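A short write-up of the structure that comes next.
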Amino acid sequence: MTEDRSAPAGGGAGATHGRDRAGRERGRARATGAVARSALSPADRRRSADPARTVAFDVLRAVDGSDAYANLVLPPLLRERGIHGRDAGFATELAYGTLRMRGRYDAIIAQCTQGRALDRIDPPVLDVLRLGVHQLLGMRVPAHAAVSETVGLARSKVGAGSAQFVNAVLRAVSTVSLDDWLRRIGDAADPGADDAIARLSVTASHPAWVTRALRESLVGNGRPVTELAALLDADNAAPLVTLVARPGLVDAATVLDQARGGAARGRWTPTAVVLPSGDPGALAAVRDGRAGVQDEGSQLVAHALAAVPLEGPDTRWLDLCAGPGGKAALLGAIAGRRGARIVANEIAPHRARLVRGALGSLPPDAVEEVRTGDGRLVGEQEPGGYDRVLVDAPCTGLGALRRRPEARWRRTPADLAPLGALQRELLAAALDAVRPGGVVAYVTCSPHLAETQLVVTDVLRKRDDVELLDARDAVRAVAGAQIPLGDRFDVQLWPHVHGTDAMHLTLLRRRA
14 MTEDRSAPAG GGAGATHGRD RAGRERGRAR ATGAVARSAL SPADRRRSAD
64 PARTVAFDVL RAVDGSDAYA NLVLPPLLRE RGIHGRDAGF ATELAYGTLR
114 MRGRYDAIIA QCTQGRALDR IDPPVLDVLR LGVHQLLGMR VPAHAAVSET
164 VGLARSKVGA GSAQFVNAVL RAVSTVSLDD WLRRIGDAAD PGADDAIARL
214 SVTASHPAWV TRALRESLVG NGRPVTELAA LLDADNAAPL VTLVARPGLV
264 DAATVLDQAR GGAARGRWTP TAVVLPSGDP GALAAVRDGR AGVQDEGSQL
314 VAHALAAVPL EGPDTRWLDL CAGPGGKAAL LGAIAGRRGA RIVANEIAPH
364 RARLVRGALG SLPPDAVEEV RTGDGRLVGE QEPGGYDRVL VDAPCTGLGA
414 LRRRPEARWR RTPADLAPLG ALQRELLAAA LDAVRPGGVV AYVTCSPHLA
464 ETQLVVTDVL RKRDDVELLD ARDAVRAVAG AQIPLGDRFD VQLWPHVHGT
514 DAMHLTLLRR RA
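Taking this note's numbering, the leading residue of the sequence shown gets 14, the next gets one more, and so forth.
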């Protein structure tokens, strides 16, 4: 599952404003000597809840209680409650950072509850504690403000009795530095045994099965296992917001001019613009659909499909799993400039509506159709009907954990088997739908070997009419020779290497 399916996510803008507000709170605390008074009794602490912290709490409850997605819950809450600027940034960083680092914080909280197991703590109380620990250890909020404001939140949301418990736990957390906490929880996860996975998983806040899968993926793609810690750290860093300037509708220079304030071009594609701060929706080009929010890795794989040379006609392109439409809009914009047209297929009606919205700004002659249908049937329905086909397959989304902070806690190894079966069916259908001489791009926003290399290997084992192309050539044609790529014909991007989501790309040509 790809980044443009979740955009806009809380990224660099929220983190920047969150740090600004945390700095103001630290300044106020220093001016009043409040840092030294972090042990105030609950009766002396704030009794009401700060609006920004309340929004962050409500996001955590929605994510936990109804399987909602933070990036879909937070923006409307901020608008409804009139929270803007630095306060909105603070709420964004607090909610997203707490969700990312939940595993680390739970291990720390467990050492401060005087033997009370986490599963014996009411979930709303545990969410309040997590928010408080993130302020203490993950943000620049002074100890007094973090404890006092979180106790006020507890009083407002979970009652006075629980607020006393929250106060006691946070006071215990605040007496130990982050570095010391990391040593403590690492030792507890790895009591004398040489289990680097257990230690890394708890300190870097990833489920152990995800940490193990990422290690295997690094090795399987020819990268040293020593990069694992850097990869996990990159997953935990708030990403900057990246925009795509859709070709023929707007150029990157115009978007840069509208953004101002330190915006910069992307590293790898001519269409990427990176925002250091601010609301992307405030830009005219984003409001009218000439530009959109899209990770640069997502842009790069779409550009790479368009860059593969073809012999014969090149007039009909297909995005087989198009929702919510980011890659389809970029491909459609490129296709329109070449006299080609795109068909965007999506199985879910509500996601197909999102695709129509994303493609709404493209010239009418660039879009043949946005349809609702099962992508697994397209090969039977239109055999050989397309020149280029994108299979942006549904996946675990392990490549976009920095943008989807709750995903790491929702996915399980049991998800791999059904997703793998679907991925194989979709790739087989795409190879039937492309004409001889045409090209298929198999893309996932996951580096998991079971969703990338193994899927392609299994599908190709059953066919003698497909050849594997060197995807590095297509990527370099877009990004330049300097982009670091491995020794394989497929391409795996990495957040700690390329600054993108961990997109996978395999290019295949149908033979006659």
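Think of the CB as a built atom: it goes at the ideal place given N, C-alpha and C, for glycine as much as any other residue.
Keep in mind it's a predicted model, so treat the numbers as computed, not measured.
- Each of A525, R523, R524 and V510 was checked against the Cα of L241, and the nearest Cα belongs to V510.
- Counting the other Cβ atoms within 10 Å of the Cβ of V263 gives 16 or more, which makes it buried.
- DSSP places I122 inside the alpha helix (DSSP H), whose first and last residues are R115 to A123.
- For I360, the secondary structure class from DSSP, reduced to helix, strand or coil, is coil.
- For T328, same chain residues with a beta-carbon under 8 Å away, outside a window of 5 residues either side, are G352, A353, R354 and D400 in chain order.
- Between V383 and the set E393, A442, R424 and H363, the nearest pair of CA atoms involves H363.
- L367 and A130 have their C-alpha atoms roughly 43 Å apart.
- When C-beta atoms of the stretch 273-281 are compared with those of the stretch 450-458, fewer than three pairs fall below 8 Å, so the two segments do not count as touching.
- Within the same chain, and ignoring the five residues on either side of A221 in sequence, the residues whose Cβ sits closer than 8 Å to its Cβ are I210, A211 and S214.
- W330 carries a strand assignment under DSSP once its states are collapsed to helix, strand and coil.
- Per DSSP, the continuous beta strand (DSSP E) segment holding V447 begins and ends at V447 to T457.
- In the three-state scheme derived from DSSP, where H, G and I count as helix and E and B as strand, A406 is classed as coil.
- Under the 8 Å Cβ criterion, the stretch 98-113 counts as touching the stretch 413-430, having at least three qualifying pairs.
- For G305, the enclosing beta strand (DSSP E) begins and ends at A304 to V306.
- Unbroken beta strand (DSSP E) runs of no fewer than 3 residues, entirely contained in the stretch 471-502, are found at 479-481, following chain order.
- Around the beta-carbon of A434, fewer than 16 other beta-carbon atoms lie within 10 Å, marking it exposed.
- A distance of 8 Å or more separates the beta carbons of P337 and L411.
- Using a Cβ distance threshold of 8 Å, V402 and A446 count as a contacting pair.
- In this structure, S218 places its C-beta atom within 8 Å of the C-beta atom of G116.
- Taking 8 Å as the upper bound for CB-CB distance, A484 and T513 are not in contact here, some 15 Å apart.
- By the 16-neighbour rule on beta-carbons within 10 angstroms, G98 is exposed.
- Counting C-beta atoms within 10 angstroms of its own C-beta, D270 has fewer than 16 neighbours from the protein chains shown and is therefore classed as exposed.
- Ranked by Cα distance from V160, the options V504, L142, N358 and A104 are led by L142.
- When C-alpha distances from R350 are compared across P237, W330, A276 and G398, the shortest belongs to W330.
- Here DSSP, grouped into helix, strand and coil, assigns V287 to strand.
- Contact annotation: the stretch 495-509 touches the stretch 224-243, with at least three C-beta pairs closer than 8 Å.
- In this structure, A413 sits away from L439, with a CB-CB distance that is not shorter than 8 Å.
- DSSP links A258 through a beta bridge to A304.
- Rounded to whole angstroms, the Cβ separation of A104 and I96 is 6 Å, and the two are in contact under 8 Å.
- By DSSP's assignment, H517 forms a beta bridge with T457 and Q505.
- In this structure, DSSP gives Y399 an extended state, which the three-state scheme calls strand.
- When DSSP states are grouped into helix, strand and coil, I198 belongs to the helix group.
- Shortest Cα-Cα distance from V380 to any of A341, D208 and G233 involves A341.
- Excluding the 5 residues flanking it on each side, D500 has same chain C-beta neighbours closer than 6 Å at G235, in chain order.
- In this structure, the straight-line span from the alpha carbon of L253 to that of P289 is close to 6 Å.
- With distances taken between CA atoms, A75 lies nearest to P137 out of A123, A120, R113 and P137.
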